[in-house]
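Numbering (our numbering), first residue to last: 65 to 144.
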């Protein structure tokens with residue numbers, strides 16, 4: 065295993081933001097489908113969903129990516 069660096073941090077943050085972005089979109093879509101089957105109203109506004117998912121995806125992805133990166137650095141120091 066190589067040394068953990070800032071390039072790894074950038075990759076982690078990108079992947080975490082992307083995964084959370086997709087997960088939040090799927091959550092909104094699932095909630096809209098549940099409402100549709102219960103009330104026969106499909107209320108899914110892409111503009112609102114994307115603006116909300118960018119905020120949530122970036123906030124969660126930054127925290128998650130940075131946390132995983134710190135954990136990797138601590139694990140590397142522990143192994144040395």
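Using N, Cα and C, we set each Cβ at its ideal position, and we do this for glycine too.
According to DSSP, simplified to helix, strand and coil, what is residue i?
i           : result
residue 22  : Any property of residue 22 remains undetermined from this structure, which presents the chain solely from 65 to 144.
residue 108 : coil
residue 141 : helix
Do residue i and residue j have their C-beta atoms closer together than 8 Å?
i           : j           : result
residue 133 : residue 84  : no
residue 138 : residue 77  : no
residue 81  : residue 131 : no
residue 106 : residue 96  : yes
residue 136 : residue 68  : yes
For residue i, does the count of other Cβ atoms within 10 angstroms reach 16, so buried, or fall short, so exposed?
i          : result
residue 91 : exposed
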